[in-house]
Amino acid sequence: MDSARKTLTNLQPAAIKGRGSASYLAGRYEVRTAHGEDDGWGSLYEDADAVSRPDTRVSEETARSIISRNDSPDIAFGQSLNPYRGCEHGCVYCFARPSHAYLELSPGLDFETRLFAKVNAAERLQTELARPGYVCSPIALGINTDSYQPIERRYRITRGVIEVLDACSHPFSLLTKNASVVRDIEVLASMAQRRLVSVYFSVTTLDNQLSARMEPRASAPHARLKAMRVLAEAGVPVGVMVAPVIPTINDGEIERILEAAHAAGARAAGYVLLRLPHELKQVWRDWLQLHYPDRAAHAMSLIQQMRGGKDYDAAFGKRQRGEGPFAQLIAQRFRKAWRRHGFGRLPALDTAQFVPPRKPTPQLDLF
Numbered sequence: 001m002d003s004a005r006k007t008l009t010n011l012q013p014a015a016i017k018g019r020g021s022a023s024y025l026a027g028r029y030e031v032r033t034a035h036g037e038d039d040g041w042g043s044l045y046e047d048a049d050a051v052s053r054p055d056t057r058v059s060e061e062t063a064r065s066i067i068s069r070n071d072s073p074d075i076a077f078g079q080s081l082n083p084y085r086g087c088e089h090g091c092v093y094c095f096a097r098p099s100h101a102y103l104e105l106s107p108g109l110d111f112e113t114r115l116f117a118k119v120n121a122a123e124r125l126q127t128e129l130a131r132p133g134y135v136c137s138p139i140a141l142g143i144n145t146d147s148y149q150p151i152e153r154r155y156r157i158t159r160g161v162i163e164v165l166d167a168c169s170h171p172f173s174l175l176t177k178n179a180s181v182v183r184d185i186e187v188l189a190s191m192a193q194r195r196l197v198s199v200y201f202s203v204t205t206l207d208n209q210l211s212a213r214m215e216p217r218a219s220a221p222h223a224r225l226k227a228m229r230v231l232a233e234a235g236v237p238v239g240v241m242v243a244p245v246i247p248t249i250n251d252g253e254i255e256r257i258l259e260a261a262h263a264a265g266a267r268a269a270g271y272v273l274l275r276l277p278h279e280l281k282q283v284w285r286d287w288l289q290l291h292y293p294d295r296a297a298h299a300m301s302l303i304q305q306m307r308g309g310k311d312y313d314a315a316f317g318k319r320q321r322g323e324g325p326f327a328q329l330i331a332q333r334f335r336k337a338w339r340r341h342g343f344g345r346l347p348a349l350d351t352a353q354f355v356p357p358r359k360p361t362p363q364l365d366l367f
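Per the UniProt record's numbering, the very first residue in the sequence shown carries number 1; after that it's consecutive.
As structure tokens, then:
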């Protein structure tokens, strides 16, 4: 553990500009944690400047497999692909934060500052799609961490993955909160003509100030809506996810978000309640206390009312929507606005066009 991380572990959490988390909360699998003690000469605070501006470090890694599969009954896709681990967007509410604990890193600041780029993702994908037993079904991109987070500009791993899918006519969907997705509009529009792609934008709030606090390095809300409009006008099917819905923070915006998204071209919509698995419970409580101390207790009370008295219930059928009167009220409000604006479903993606890529071989073509 570096000295800056040790310092911030000991100090009282404080808001950090450009970061969602305020601490290096220890992960549940760490076998050893460091705790600094001040020697009376202020040594514990020598790295205060580094603490206030933690840098972003990216490690390149070679993935052994790239397609993840699930059979969860409350998830609409069976296959997903994540080009990166960790996410610089820094969304404080991100349910994927606890996954950094598997790396013995903090689900707090490490999740948004210690990133991993799967530099061989496109090659691995081609290999896995070429397997004789592979059965084509749509692949969801960016479900765990955003495929278009800022480091995509440098690594272009997502672009490489999309080019592989395009070459073999494999359908996919993606979820993002970054307007930079429009950089790939030419390939997305081409695949959309063949019913091979759909794009969902996560819009948590229309308030720029709230967005800057809650998801500091994601595109501003108006930029996401503009990107949504650009893609829709290019013929790409677009949807919106109001996610997560958070009591006392953004739950009052459900109707306005749906109205703005529909005006920008979204024709499908969904929502997910705030999820607080594992270490995310403390990351979230710290953020609430820092930014909204006047409503922190009330917010957590409403969250627990929707989670059977707990901070979180991971049971299928409950983790996305919650339960109880307040959860039912949110569902009713969403359905009413969904119907009023005429939302429906995006066109089904076509799996029949898939042509398996040739299995990569070190031998050059003879003809």
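The beta carbon of each residue, even a glycine, is placed where N, CA and C say it ideally should be.
>> By alpha-carbon positions, which one of Ala297, Ile330, Pro138 and Ala315 ends up nearest to Pro277?
In response: Ala315
> If Pro171 sits next to Leu346, beta carbons under 8 Å apart, how far is it from one beta carbon to the other, in whole angstroms?
Replying inline: Not quite, the Cβ-Cβ distance comes to about 12 Å (not below 8 Å), so this is no contact.
>> Measuring straight from C-alpha to C-alpha, what distance separates Ala297 and Glu123?
In response: 49 Å
>> Is the beta carbon of Leu290 closer than 8 Å to that of Pro13?
In response: yes
> For Pro216 versus Val161, is the C-beta spacing smaller than 8 Å?
Replying inline: no
> If you draw a straight line from the alpha carbon of Arg53 to that of Ser21, how long is it in whole angstroms?
Replying inline: 12 Å
> Mind pulling the beta strand (DSSP E) runs of 3 or more residues that sit fully within the region 181 to 209?
Replying inline: 197 to 202
>> From the DSSP secondary-structure annotation, give me the bridge partner or partners of Glu60.
In response: Ala117
> From Trp287 to Arg153, what does the alpha carbon distance come to, in whole angstroms?
Replying inline: 29 Å
>> Let me make sure I understand the geometry here. Which of Ile249, Arg159 and Arg195 has the alpha-carbon closest to that of Pro293?
In response: Ile249
> Which one of Phe116, Trp284 and Val245 has the shortest CA to CA distance from Gln328?
Replying inline: Val245
> With a CB to CB cut of under 7 Å and the five nearest residues on each side skipped, what residues in its chain are close to Thr56?
Replying inline: Glu88, Thr113 and Leu115
> For Tyr84, which residues does DSSP report across the bridge?
Replying inline: Ala117
> Would a C-beta distance cut-off of 8 Å place Lys177 and Asp207 closer than the cut-off?
Replying inline: no
> Does DSSP classify Arg69 as helix, strand or coil?
Replying inline: strand
>> Which same chain residues end up closer than 8 Å to Ala167 when comparing Cβ atoms and leaving out the 5 residues on each side of it in sequence?
In response: Pro357
> Would a C-beta distance cut-off of 8 Å place Gly252 and Arg229 closer than the cut-off?
Replying inline: no
> Where do the N-terminal and C-terminal ends of the alpha helix (DSSP H) with Pro221 fall, by residue?
Replying inline: Pro221 to Glu233
> Relative to the C-alpha of Ile143, which residue among Ile75, Arg333, Gly342 and Arg194 is closest?
Replying inline: Ile75
> For Pro244, which of helix, strand or coil comes out of DSSP?
Replying inline: strand
> Which value, in whole angstroms, describes the spacing of the CA atoms of Gly18 and Val238?
Replying inline: 28 Å
> Is Phe354 helix, strand or coil by DSSP?
Replying inline: coil
> How big is the Cα-Cα spacing for Glu128 and Ser80?
Replying inline: 13 Å
> Based on the DSSP output, what are the partners of Ser173 in its beta bridges?
Replying inline: Ala140 and Ser198
> Taking the continuous beta strand (DSSP E) assigned at Gly270, which residues delimit it?
Replying inline: Ala268 to Leu273
> According to DSSP, is Gln79 helix, strand or coil?
Replying inline: strand
>> I'd like to know whether the C-beta atoms of Phe343 and Arg224 end up nearer to each other than 8 Å.
In response: no
> What are the boundary residues of the alpha helix (DSSP H) that includes Glu279?
Replying inline: Looking at the DSSP string, Glu279 is not in any alpha helix (DSSP H), and its letter there is neither H nor E.
>> For Gln282 and Phe77, I'd like the C-alpha separation in whole angstroms.
In response: 30 Å
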